[in-house]
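>
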Amino acid sequence: NAGVMQNPRHLVRRRGQEARLRCSPMKGHSHVYWYRQLPEEGLKFMVYLQKENIIDESGMPKERFSAEFPKEGPSILRIQQVVRGDSAAYFCASSPSGGPVETQYFGPGTRLLVL
Amino acid sequence: AQSVTQLGSHVSVSEGALVLLRCNYSSSVPPYLFWYVQYPNQGLQLLLKYTSAATLVKGINGFEAEFKKSETSFHLTKPSAHMSDAAEYFCAVSGQTGANNLFFGTGTRLTVIP
Chain H
1 NAGVMQNPRH LVRRRGQEAR LRCSPMKGHS HVYWYRQLPE EGLKFMVYLQ KENIIDESGM
61 PKERFSAEFP KEGPSILRIQ QVVRGDSAAY FCASSPSGGP VETQYFGPGT RLLVL
Chain A
1001 AQSVTQLGSH VSVSEGALVL LRCNYSSSVP PYLFWYVQYP NQGLQLLLKY TSAATLVKGI
1061 NGFEAEFKKS ETSFHLTKPS AHMSDAAEYF CAVSGQTGAN NLFFGTGTRL TVIP
């Protein structure tokens, strides 16, 4: 059973460009979470999605950031007009169901560098 | 609100020595607590989790953690460190009704000295 897949693993963008990060959850998992890890910091929750629905986006910046998890295909985290402060590692996690006791399985992350 | 504090951003131990990584939590509801390990340039891997079934939780790779409500702590221990244990360790808490996300500490980097 393949784990959580993320691509690309590394992404370089210039200021003002768009970044698209993809996450394929583990087979059978319909719940996806996105976290951001800034250098020398822990992970910070961004958004929680189920298929076709955003359940909790309380950690998402109000502008430039969006996320989706379509019926078919991977979950996408989209950052428009990137700035240097967006440089970070973005991790996706998935779980078979929701709830605070569920184990979240993490992907290897996408490391975004904004020049 | 929920939060986690990890005391000591860097811990060094000799190979074969006891590993103790500290985690204190704050939660207004009964918490669920997790320890994850992150190796360089990799994602997080679950070591163990506390779900109120037993206060002493055993995880993978010989690690264990004890939930102490009176001390609001969930420290991670391993009796004998191995070189392969060198990594970053994160404590996390969840449990808030209606919230499914984890709140992570800032991490502790463990160095094992041969």
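Chains as they are written, first to last, in the working numbering: chain H, 1 to 115; chain A, 1001 to 1114.
Ideal Cβ placement from N, Cα and C applies to all residues, glycine included.
(1) I need the straight-line Cα distance from A/Ser1026 to H/Tyr90, nearest angstrom please.
(2) What are the start and end residues of the beta strand (DSSP E) that includes A/Ile1060?
(3) Distance check for A/Ser1073 and A/Gly1043, CA to CA, integer angstroms please.
(4) Whose C-alpha, out of H/Ile79, H/Ala67, H/Asp56, is nearest the C-alpha of H/Arg13?
(5) I think A/Leu1047 touches A/Val1037, with their Cβ atoms under 8 Å apart; what is that distance to the nearest whole Å?
(6) Taking Cβ-Cβ distances below 9 Å as the criterion, which residues of the region 57-71 of chain H are in contact with chain A?
(7) Are there 16 or more other CB atoms within 10 angstroms of the CB of H/Leu77, so buried, or fewer, so exposed?
(8) So, with DSSP's three-state summary, where would you put H/Arg84?
(9) By how many angstroms is the C-alpha of A/Leu1018 removed from the C-alpha of A/Lys1078?
(10) Say the cut is 6 Å; is the CB of H/Val101 nearer than that to a heavy atom of the ligand FAD?
(11) Compare the C-beta of H/Thr110 against all C-beta atoms of chain A and say whether one is closer than 7 Å.
On the basis of the coordinates in this document:
(1) One-based indexing of the second sequence puts residue 1026 of chain A at position 26. One-based indexing of the first sequence puts residue 90 of chain H at position 90. When rounded, the distance between both Cα atoms is 25 Å.
(2) As a first step, residue 1060 of chain A is located in the second sequence; it is residue number 60 there, counting from the start. First-last for A/Ile1060: undefined, no H or E at that position.
(3) Here residue 1043 of chain A refers to the residue found at position 43 when the second sequence is read from its first residue. Here residue 1073 of chain A refers to the residue found at position 73 when the second sequence is read from its first residue. Whole-angstrom Cα-Cα distance: 25 Å.
(4) Taking the first sequence and counting its residues from 1, one reaches residue 13 of chain H at position 13. Nearest of H/Ile79, H/Ala67, H/Asp56 to H/Arg13, Cα basis: H/Ile79.
(5) The residue given as residue 1047 of chain A occupies position 47 in the second sequence. The residue given as residue 1037 of chain A occupies position 37 in the second sequence. Rounded to whole angstroms, the Cβ separation of A/Leu1047 and A/Val1037 is 5 Å, and the two are in contact under 8 Å.
(6) Of all residues in the region 57-71 of chain H, the ones placed with a Cβ closer than 9 Å to any Cβ belonging to chain A are Ser58, Gly59, in chain order.
(7) By one-based count along the first sequence, residue 77 of chain H stands at place 77. Around the beta carbon of H/Leu77, 16 or more other beta carbons sit within 10 angstroms, so the residue counts as buried.
(8) What you label residue 84 of chain H is simply residue 84 of the first sequence in a count that begins at 1. Helix.
(9) Position 78 of the second sequence holds residue 1078 of chain A. Position 18 of the second sequence holds residue 1018 of chain A. If you draw a straight line from the Cα of A/Lys1078 to the Cα of A/Leu1018, it is about 6 Å long.
(10) You won't find the ligand FAD in this model; it holds no ligand whatsoever.
(11) On the first sequence, position 110 is the one that residue 110 of chain H refers to. It does not; no Cβ of chain A falls within 7 Å.
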